[in-house]
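J.:
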Amino acid sequence: MFLKELRLRNFRNYFELSLVFKRGINILIGENAQGKTNLLEAIHFINTLQSFRTQDEKNLINTSAREAVISAAVEGGCGTKNISLFLDDKGKRVKVNNRKISRASEFLSETHVITFSPDDLFLIKDQPSERRRYFDRAILPHAPSYLKTINRYDKILQQRNHLLRDIRDRKKGAEKGLLAAWDDQLIEEGARLLLKRHNFVEEIRPFLEGIFKELSRGQKMLSIFYNSPIIPAAEGAVDADAVKKRFQDALQGAREEELRHGHTLIGPHRDDFQFILDDYDAKATFSQGQHRLAILALKLSETALYKQISGEYPILLLDDVFSELDEERGEALIEQIINMDIEQVFITAAKKEGIPSQKAGRSLYWIKEGVITEGYEDRREQGEIGIEGRKEN
Numbered sequence: 076m077f078l079k080e081l082r083l084r085n086f087r088n089y090f091e092l093s094l095v096f097k098r099g100i101n102i103l104i105g106e107n108a109q110g111k112t113n114l115l116e117a118i119h120f121i122n123t124l125q126s127f128r129t130q131d132e133k134n135l136i137n138t139s140a141r142e143a144v145i146s147a148a149v150e151g152g153c154g155t156k157n158i159s160l161f162l163d164d165k166g167k168r169v170k171v172n173n174r175k176i177s178r179a180s181e182f183l184s185e186t187h188v189i190t191f192s193p194d195d196l197f198l199i200k201d202q203p204s205e206r207r208r209y210f211d212r213a214i215l216p217h218a219p220s221y222l223k224t225i226n227r228y229d230k231i232l233q234q235r236n237h238l239l240r241d242i243r244d245r246k247k248g249a250e251k252g253l254l255a256a257w258d259d260q261l262i263e264e265g266a267r268l269l270l271k272r273h274n275f276v277e278e279i280r281p282f283l284e285g286i287f288k289e290l291s292r293g294q295k296m297l298s299i300f301y302n303s304p305i306i307p308a309a310e311g312a313v314d315a316d317a318v319k320k321r322f323q324d325a326l327q328g329a330r331e332e333e334l335r336h337g338h339t340l341i342g343p344h345r346d347d348f349q350f351i352l353d354d355y356d357a358k359a360t361f362s363q364g365q366h367r368l369a370i371l372a373l374k375l376s377e378t379a380l381y382k383q384i385s386g387e388y389p390i391l392l393l394d395d396v397f398s399e400l401d402e403e404r405g406e407a408l409i410e411q412i413i414n415m416d417i418e419q420v421f422i423t424a425a426k427k428e429g430i431p432s433q434k435a436g437r438s439l440y441w442i443k444e445g446v447i448t449e450g451y452e453d454r455r456e457q458g459e460i461g462i463e464g465r466k467e468n
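Per the working numbering: the sequence shown = residues 76 to 468.
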């Protein structure tokens with residue numbers, strides 16, 4: 076899929092913007108605070124209904140306005156989808172081909188982007204909860220109903236924890252026998268989460284290993300595993316009934332300890348995703364450069380897996396991707412993107428000098444104070460597009 080056209084009104088520092096994009100690699104060049112990341116954020120937002128930079132969506136509205144509007148035409152295997160998003164202090168409203176979208180789960184199958192931002196660099200060394208959240212989001216495009224499973228599991232977990240605390244504190248009516256009903260529900264929804272996560276890791280691992288090998292020029296080997304006491308990491312295909320039985324046995328084995336602590340100690344809410352670099356835990360051995368390379372390999376792996384499952388590539392967004400890559404690694408990244416034949420990629424860079432030399436299929440956009448000039452190698456003889464619309468020279 077690829078983004079054919081994007082229109083913004085009062086989004087961040089863009090008062091009025093209309094752009095037509097090309098397939099291939101689109102490079103957005105500009106100094107800090109000029110609007111290049113804002114443009115990526117707009118593309119990400121209209122494709123996912125979420126910002127990768129802020130939890131407070133009011134921050135996306137220009138300070139001089141009460142409403143922001145994003146419109147996009149996205150072409151995919153099912154034709155062109157015209158998406159309109161309206162954002163104000165009451166929330167957001169979305170239409171696809173003039174059809175109102177009432178639930179986020181309806182929208183997830185419409186289009187997809189995969190985004191790299193500097194915040195992702197904390198993933199491997201961050202807390203397990205952040206990795207669980209990251210991979211749960213990565214699974215969603217392949218299984219929109221997975222969100223309902225997550226929500227059901229979380230609600231059951233809260234109720235079970237509440238009962239465990241009441242039993243521990245000897246509150247009236249709180250009996251151990253009541254745990255059986257919550258165990259059954261926790262096992263049912265938890266097994267679905269476990270299987271989805273395990274299978275996702277099994278599917279993405281070959282891509283990650285191959286792509287990281289290419290990006291590192293064969294110097295290192297990176298792999299990934301889902302760490303759960305219920306599903307051993309060495310297992311390949313896993314039977315759902317076997318997972319439920321192991322989950323049940325694990326809960327029974329942890330019963331007395333859970334009653335002492337007053338919360339659930341076994342389940343997908345306690346699991347982790349582990350990256351292994353040359354047989355060692357990457358969390359302890361990664362250099363800063365290797366960390367960046369690993370996350371980029373992960374993003375490209377997600378892109379390749381999406382193509383394998385859906386039959387088309389998502390839009391790939393790479394923010395500030397070259398800042399800590401040496402020339403060789405930067406060249407390797409662009410080579411990998413070209414070799415994968417990803418339909419459309421957006422890359423931000425502070426300076427043209429830091430961009431690898433490959434020029435095949437790339438378009439350049441220069442950004443300054445919310446005004447965008449489209450060009451190839453310089454700004455001469457180019458039409459200017461910005462807050463006043465398209466200008467002819």
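We treat Cβ as the ideally placed atom computed from N, Cα and C, and that holds for glycine. All of these numbers come straight from a predicted model, not from anything done at the bench.
1) Among P389, E331, L232, L254, which residue has its Cα nearest to the Cα of H119?
2) Could you work out which residue in Y228, D258, K133 is closest to F322 when comparing CA atoms only?
3) What residue from N157, K167, D164, D201 has the CA that sits closest to R174's CA?
4) Since D416 is in the alpha helix (DSSP H), which residue starts that stretch and which ends it?
5) Helix, strand or coil for N107, going by three-state DSSP, please let me know.
6) Report yes or no: do the region 355–366 and the region 87–96 share at least 3 C-beta pairs separated by less than 8 angstroms?
7) So, with DSSP's three-state summary, where would you put L280?
8) Could you spell out the range, first to last residue, of the beta strand (DSSP E) harbouring L135?
9) Considering only residues of the region 318–361, which uninterrupted beta strand (DSSP E) runs meet the minimum length of 3 residues and lie entirely inside it, listed in chain order?
10) Buried or exposed: R168, going by 16 or more other Cβ atoms within 10 Å of its Cβ?
11) Select from Q130, T155, R84 the residue whose C-alpha is nearest the C-alpha of F77.
12) Decide if I430 is buried, meaning its Cβ has at least 16 other Cβ atoms within 10 Å, or exposed.
13) Taking buried to mean at least 16 other C-beta atoms within 10 Å of its own C-beta, is D314 buried or exposed?
14) Does the distance from the C-beta atom of G110 to that of G445 stay below 8 angstroms?
15) How is S192 classed by DSSP in three states: helix, strand or coil?
16) What are the start and end residues of each continuous alpha helix (DSSP H) run of 4 or more residues lying completely inside the region 148–208, in chain order?
17) Below 8 angstroms on the Cβ atoms is my contact criterion, and I expect D356 with P193 to pass it. Report the Cβ-Cβ distance as a whole number of Å.
18) Measuring alpha carbon to alpha carbon, tell me which residue in E428, V171, K133 is nearest S398.
T.: In short, the structure shows the following:
1) P389
2) D258
3) N157
4) Run containing D416: none; DSSP gives neither H nor E here.
5) coil
6) no
7) The question names Leu, but residue 280 is Arg in the sequence shown. Helix at R280.
8) Careful: L135 lies outside any beta strand (DSSP E) and carries neither H nor E.
9) 347–352
10) exposed
11) T155
12) buried
13) exposed
14) yes
15) coil
16) Complete alpha helix (DSSP H) runs here, min 4: 179–182.
17) About 23 angstroms; that fails the 8 angstroms criterion.
18) Nearest of E428, V171, K133 to S398, Cα basis: E428.
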